[in-house]
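One structure is given below, encoded as structure tokens.
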Amino acid sequence: MMGRMNPRRAVLMAVLAAGGCSAGYDADASCGSFSEPAAVLRDASVDQLQASNAGGRCTFRATGRDAAALQRQQRMLEAISLIACGKPAHAQPTQGTPGFELQMPSRCPLSAPTSQVVQDAARWRLDRPSMPSYPAAARADNLQGKASMSVLLNDQGHAEAVIVAGSSGHPLLDEAAVKAALGWRWKREGGTSGTPRMSLVPATATFASD
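If you want it as structure tokens, here you go:
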């Protein structure tokens, strides 16, 4: 029994971000194209992900009962902050319910006039990906499934963060898939209208009996 990686060509969302302050910054639209983050950025095992403008800064609130999923979610948003804003975000636990609130840095250019999410802006392919390791406990219980992921790449093709877009049905397998994906390298396959600082690309990992 082993993990199998089943990549598909990644032609999804490229996030265009100009480093530092942006001349097009709009304090009333600080979340820009991430105003509705659930459709693109929410981990499948996170119950809720919302974005709001608070004092000219984009603030994300995530809640859920899966601690590993919340950690993946926080890492994804923190990676976006570092690349898009050039500064770390500030995160703290929510009160009364499992989750966190994460505030992007002030004057982060998520609200730039150019859409932050562009269809087909970059094409990537996996470069010699490693097979996911099949967890011993999952093997013992004969757990099987396929995890679909969204991988955040920097412009060099390094995975900065990974969330689960479609769960395998087993947290152990989801975590094994994410761990493998964080070590994968990607290569760009075509030109872009502008070099994206980061891209969100799909990938899958399948765990099945031989």
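FYI, the numbering for the sequence shown is -23 to -1, 1 to 187, going by mature numbering (1 follows the signal peptide of the UniProt record, and there is no 0).
From the three backbone atoms N, C-alpha and C, an ideal C-beta is built for every residue, glycine too.
{"query": "Three-state class that DSSP yields for Lys156 in the structure shown", "result": "helix"}
{"query": "Nearest-angstrom beta carbon gap, Ser83 and Arg34 [assumed within contact, 8 Å]", "result": "5 Å"}
{"query": "At least three beta-carbon pairs within less than 8 Å, the segment 101 to 113 to the segment 147 to 160", "result": "yes"}
{"query": "Cβ pair Val141, Ala46 closer than 8 Å", "result": "yes"}
{"query": "Between the CA atoms of Ser176 and Thr74 - distance to the nearest angstrom", "result": "31 Å"}
{"query": "Where Asp151 sits in the DSSP three-state scheme", "result": "helix"}
{"query": "Extent of the continuous alpha helix (DSSP H) run through Arg49", "result": "Ala44 to Ile57"}
{"query": "Neighbour-count burial assignment, Asp104, 16 or more Cβ in a 10 Å radius", "result": "exposed"}
{"query": "Burial state of Arg42 (16 or more Cβ within 10 Å)", "result": "exposed"}
{"query": "Exposed unless 16 or more other CB atoms sit within 10 angstroms - verdict on Ser145", "result": "buried"}
{"query": "Under the three-state DSSP convention, the category Val23 falls into", "result": "coil"}
{"query": "Same chain only: Cβ atoms within 6 Å of Pro70, ignoring 5 sequence neighbours per side", "result": "Phe77"}
{"query": "When Leu79, Ala115 and Val23 are compared against Gly143, the one with the closest alpha-carbon", "result": "Val23"}
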